[in-house]
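Just so we're aligned, residue 1 is where the sequence shown starts under this note's numbering, counting upward by one.
Don't be surprised by glycine CBs; every beta carbon is placed ideally from N, CA and C.
What follows is a set of notes on a single structure, which appears directly below.
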Amino acid sequence: MDILLVVSSFNSLSQRVYAELSDAEHRVDVVLASHGADAVRAAVNEVRPELIVAPMLKTALPEDVWREHTCLIVHPGPPGDRGPASLDWAIHEEAPRWGVTVLQAEAAMDAGDIWAAESFTVPPVGKSDLYRNEVSDAASAAVLQAVQRYAEGSYKPRSQSDPGIEVVRRGFLRQERRRIDWAEDSTRTVLRKLRGADSQPGVLDELLGHELFLHGGHPEDKLRGRPGELLATRAGAICRATVDGAVWIPELRPRKASGDPAPFRRPAASVLAGLPVPSGAADPALRLPEMPVPLELPAERRTFTDIRYRQHGDVGFLSFSFPGGAMSTDHCRRLLATYRYALTRPTTVLVLDGGRDFFSNGIHLNVIEAAADPAGESWANLNAMDDLVEAVLRTTDRLVVAAVGGNAAAGGLMLALAADEVWCRTGAVLNPHYRRMGLYGSEFWTYTLPRRVGARTAQQLTDEALPVSAAHAARIGLVDRLVPVAAQEFGAEVARLAAGLGGSADLARRVAAKAAARRTDENERPLAEYRRDELARMRAVFFDPRAEYHTLRSAFVRKLPGPTARPLPLPVPVEDVR
1 MDILLVVSSF
11 NSLSQRVYAE
21 LSDAEHRVDV
31 VLASHGADAV
41 RAAVNEVRPE
51 LIVAPMLKTA
61 LPEDVWREHT
71 CLIVHPGPPG
81 DRGPASLDWA
91 IHEEAPRWGV
101 TVLQAEAAMD
111 AGDIWAAESF
121 TVPPVGKSDL
131 YRNEVSDAAS
141 AAVLQAVQRY
151 AEGSYKPRSQ
161 SDPGIEVVRR
171 GFLRQERRRI
181 DWAEDSTRTV
191 LRKLRGADSQ
201 PGVLDELLGH
211 ELFLHGGHPE
221 DKLRGRPGEL
231 LATRAGAICR
241 ATVDGAVWIP
251 ELRPRKASGD
261 PAPFRRPAAS
271 VLAGLPVPSG
281 AADPALRLPE
291 MPVPLELPAE
301 RRTFTDIRYR
311 QHGDVGFLSF
321 SFPGGAMSTD
331 HCRRLLATYR
341 YALTRPTTVL
351 VLDGGRDFFS
361 NGIHLNVIEA
371 AADPAGESWA
381 NLNAMDDLVE
391 AVLRTTDRLV
401 VAAVGGNAAA
411 GGLMLALAAD
421 EVWCRTGAVL
431 NPHYRRMGLY
441 GSEFWTYTLP
451 RRVGARTAQQ
461 LTDEALPVSA
471 AHAARIGLVD
481 RLVPVAAQEF
491 GAEVARLAAG
501 LGGSADLARR
511 VAAKAAARRT
521 DENERPLAEY
531 RRDELARMRA
541 VFFDPRAEYH
551 TLRSAFVRKL
561 PGPTARPLPL
571 PVPVEDVR
C-alpha cells in the first residue's frame with residue numbers, strides 16, 4: 001500500500017514505524033505536521049495515500065483530511081485512555097501495566113474506533129527510555145496489525161462506546177504536580193517525578209536562586225545531607241539530598257526566559273558552574289567535591305555511574321549509558337580510558353554494552369552548541385570519538401562485540417561497527433549516515449561501512465540518509481546477530497551469548513584470523529589515511545561559519561522548525577528524542 005506518515009517530528013517511534021512498514025514492502029512517505037495543515041494537505045494531494053498513519057502527533061489532523069481518508073492515530077495509552085500526557089500519568093501513578101492503542105481519527109481527540117492495541121509491563125525507567133523501548137515495541141506491533149487489518153478489508157474496528165472499555169480522560173501533567181518538595185518527598189517520590197519528565201518537560205526547580213528544569217534521576221545509597229542540599233558531582237551529574245537519601249541528576253536546563261544563551265539540556269555540573277551567584281554568597285559549585293566510584297562497582301551499589309566494567313570468566317563487559325546517546329569530548333575520553341583498562345584484563349571477549357536505551361548517537365551537539373567556540377569543540381569532540389573508535393579497530397588480541405540494545409546513529413553507530421560482531425535487539429533503529437546534520441562524517445566510516453555492506457550499499461545508506469530497522473540491517477550485513485528479546489531481557493541474553501562465544505572451540509582461530517586481516521588491511525591502506533581524509537572534510541565544515549552544519553545543529557538543539565515541509569527525504573535532521 002501507499003502509506004503517508006504524518007508526524008510532529010521524525011522521532012524514534014516515527015522512524016521505527018517508517019522502517020518496519022518499509023520492510024513490509026509498503027511505499028511510505030512522511031510529512032511533518034509541525035509545518036502546518038497546508039503542508040499536510042499538500043502531501044496528501046501529492047502522495048494520494050491509501051492509508052494515513054500518525055505515529056507521533058501533537059496536533060490534530062485537518063478535518064478535511066481525516067474525513068476524506070482513513071487516518072490511524074497511535075496513542076501511547078491503553079484503550080479508553082484519552083489525553084496528551086498518557087505516559088507522564090502512567091509513571092506518575094506508578095501503573096504496573098500500560099498500553100498503546102491505534103485508533104481512527106475523528107473530531108474528538110483519542111475517541112475514535114480502535115484498530116489494534118497492545119499492552120506492556122512498565123519497568124522503573126525514565127519516560128524517554130520507556131517510550132523508545134516498551135512503547136515502541138507495542139506501537140510497532142499494533143501498527144503492523146492495524147495496517148494488515150485495513151488491507152484485508154474485512155475487519156470492523158471496535159467502538160470506544162463498547163461497555164468493556166473504560167474511558168479515562170486526563171489533561172496535561174502540570175508542573176504543580178511534578179514539583180519536588182525536598183523537605184517532604186521521599187527518594188522514591190523524587191525519582192518518580194524525575195523519571196516522569198526526564199526528557200520533556202523536565203521538573204521545574206530552583207538552584208542558587210535560579211529556576212531550572214531537572215532532567216533524569218538516579219538513586220544514591222551512601223551520600224546524605226540536609227534535604228535539598230547539593231552534595232557532590234560525578235561525571236557531570238550533581239547529587240542532591242532527599243529526606244531519606246539522595247538522588248543524582250545528570251542534566252539541567254535553564255528556562256528560556258532566564259537570559260541564559262544556552263537554554264537547553266546540558267550536563268548538570270556545567271550548567272551549575274555557569275550560574276551567576278547572588279552577591280555576597282559563596283559559590284557552592286566551586287565547593288562540591290567530585291565523588292568518583294570504582295570502574296568495577298559492586299553489583300549491590302545503587303548509585304549513578306555512566307561507565308562501568310565487570311567481568312565474568314573470560315568475558316569482559318564495558319557498559320556505558322549517556323543521556324540521549326550523546327557523547328561529549330569528556331565522555332569519549334573517559335570511555336577510552338576505561339576501554340584501555342578493559343584491555344589489561346585477562347579476557348578473550350570484550351562486550352561494549354550500551355544498555356537498553358541508546359547505544360550512541362555520536363558527538364554531543366548540545367555541549368558543542370553551548371561552547372564558547374562551537375567549531376573548536378566540534379573538532380575536539382570528533383577527534384575524541386575517532387580516538388575511541390580507532391582503539392577498538394586496533395584491538396587484535398580478543399574479540400570485541402558491540403551489544404546494541406537501543407537506537408544508534410551517525411558516529412555512535414560507527415563505534416559499534418568497529419567491533420568484530422554487532423548484536424542488535426530487534427527493536428532498535430539504526431541511522432548509518434551524517435548528511436542530515438550537514439556533515440561528511442568520520443569515525444572511520446569510510447573503512448568500516450563498505451567493509452560490512454559493500455561500497456554500493458554504503459553509498460546508498462549515506463546518500464538516502466534514512467533509518468533502517470534491525471531486521472533490514474541484518475539482511476544487508478550491517479549487524480551480525482539479531483537478539484529478539486524485550487528490552488528488559490537484553491542484558492541477560494547478551495551475557496548468555498557472550499559466555500557461549502567466550503567458550504567456543506574456534507575462538508583462538510578467530511582471534512588469529514582477525515589479527516591477520518587487520519595487518520592485511522593496514523598494508524593496503526593504513527587507518528591513519530582514512531582518518532586523515534575524513535577529518536580534512538570535517539574540519540572544512542566545522543571551521544566554515546557559513547556551513548549548513550552550524551544552522552542545522554542549532555535548530556536541532558534548540559528545537560527550531562526546519563525550513564520547509566515535504567515528504568521524505570526530510571529537509572531537517574532526524575530527531576531521536578521525544
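Item to check | Other residues of its chain near R425: CB distance less than 6 Å, five sequence neighbours each side excluded | outcome: Around R425: G405, V483 and F490.
Checklist entry - Does DSSP put L560 in a helix, in a strand, or in coil? => result Coil at L560, not helix or strand.
Checklist entry - Near S8, what residues of its chain come up, given a Cβ to Cβ distance below 8 Å and the 5 sequence neighbours on each side ignored? => result L32, A33, S34, M56, L57, K58 and T59
Item to check | For V367 and A377, believed in contact at Cβ under 8 Å, the rounded distance | outcome: Contrary to the premise, residue 377 reads as Glu rather than Ala in this sequence. At roughly 7 Å, the Cβ-Cβ gap stays under 8 Å, so E377 and V367 are in contact.
Item to check | Cβ-Cβ separation, L252 to R234 (assumed contact under 8 Å), whole Å | outcome: Going by Cβ atoms, the distance from R234 to L252 rounds to 15 Å, so no, they are not a contact pair.
Checklist entry - Is the Cβ-Cβ distance between V135 and P76 less than 8 Å? => result yes
Next on the checklist: Could you compute how far the alpha carbon of P124 sits from the alpha carbon of L130?
Outcome noted: Within the model, the alpha-carbon separation for P124 versus L130 is close to 9 Å.
Checklist entry - Between D386 and R531, which are expected to be in contact by the criterion C-beta below 8 Å, what is the C-beta distance as a whole number of angstroms? => result 6 Å
Item to check | Residues near P569 by beta carbon distance below 8 Å, same chain, minus five either side | outcome: Summary for P569: the model assigns pLDDT 43, below 50, so the residue's position carries little reliability, and this model does not support an answer.
Next on the checklist: I need the boundaries of the alpha helix (DSSP H) containing D386, first residue and last residue.
Outcome noted: Start and end: P374 to L393.
Next on the checklist: Across the stretch 552-559 and the stretch 445-454, are there enough close Cβ pairs to call them in contact, namely three or more that are closer than 8 Å?
Outcome noted: Touching, no.
Checklist entry - R546: buried (16+ other C-beta within 10 angstroms of its C-beta) or exposed? => result exposed
Item to check | First through last residue of the alpha helix (DSSP H) which encompasses R518 | outcome: L507 to E524
Item to check | Selected residue, minimal CA-CA separation from V468, among A409, R435 and L439 | outcome: A409
Next on the checklist: Which residue marks the beginning of the beta strand (DSSP E) containing V74, and which one marks its end?
Outcome noted: Where V74 is concerned, the enclosing beta strand (DSSP E) stretches over C71 to H75.
Checklist entry - If you drop the 5 nearest sequence neighbours on each side, which residues of the same chain put their C-beta closer than 7 Å to that of A19? => result V429, P467, V468, S469 and H472
Checklist entry - Between V6 and I52, which are expected to be in contact by the criterion C-beta below 8 Å, what is the C-beta distance as a whole number of angstroms? => result The Cβ separation is near 6 Å, so the contact holds.
Item to check | Coil, strand or helix - L449 by DSSP | outcome: helix
Checklist entry - Taking the DSSP output, what are the residues bridged to D29? => result L4
Item to check | Nearest-angstrom Cα separation, counted from T396 out to A515 | outcome: 5 Å
Checklist entry - Going by Cα to Cα distance, which pick from W115, E296, V122 and E300 is closest to P219? => result E300
Item to check | Host alpha helix (DSSP H) of W66 (start-end) | outcome: E63 to E68
Next on the checklist: Tell me which residues share the same chain as I3 and place their Cβ nearer than 8 Å to its Cβ, disregarding the 5 neighbours each side in the sequence.
Outcome noted: L21, H26, R27, V28, D29, P49, E50, L51, I52, V53 and V147
Item to check | Whole-angstrom distance between R539 and R566, CA atom to CA atom | outcome: Caution is warranted here: a pLDDT of 38 is assigned to R566, below 50, making its placement in the model unreliable, and the coordinate value is therefore given only provisionally. In a straight line, the C-alpha of R566 is about 31 Å away from that of R539.
Checklist entry - Helix, strand or coil: how does DSSP classify D397 here? => result coil
Item to check | CA nearest to the CA of F317, picked from P292, R345, A326 and T303 | outcome: R345
Item to check | Check whether D205 and I238 have beta carbons under 8 Å apart | outcome: no
Checklist entry - alpha helix (DSSP H) containing Y18: first to last residue? => result That run of the alpha helix (DSSP H) goes S12 to D23.
Next on the checklist: Quick check on DSSP: helix, strand or coil for F490?
Outcome noted: helix
Next on the checklist: Beta-carbon within less than 8 Å of A183's beta-carbon, same chain only, minus the 5 sequence neighbours each way: which residues are those?
Outcome noted: Excluding positions up to five away in sequence, the list reads P227, G228 and V243.
Item to check | First through last residue of the alpha helix (DSSP H) which encompasses Q459 | outcome: A455 to E464
Item to check | Best match in S14, V40 and V47 for proximity to M1 [C-alpha to C-alpha] | outcome: V47
Checklist entry - So what does DSSP say about E152, is it helix, strand or coil? => result helix
Next on the checklist: Does F543 pass the burial test, meaning 16 or more other C-beta atoms within 10 Å, or should it be called exposed?
Outcome noted: exposed
Item to check | Delimiting residues of the beta strand (DSSP E) encompassing N431 | outcome: Residue range V429 to N431 is occupied by the beta strand (DSSP E) that includes N431.
Next on the checklist: When you compare the stretch 187-201 with the stretch 209-218, are there three or more beta-carbon pairs, one atom per stretch, that lie closer than 8 Å?
Outcome noted: yes
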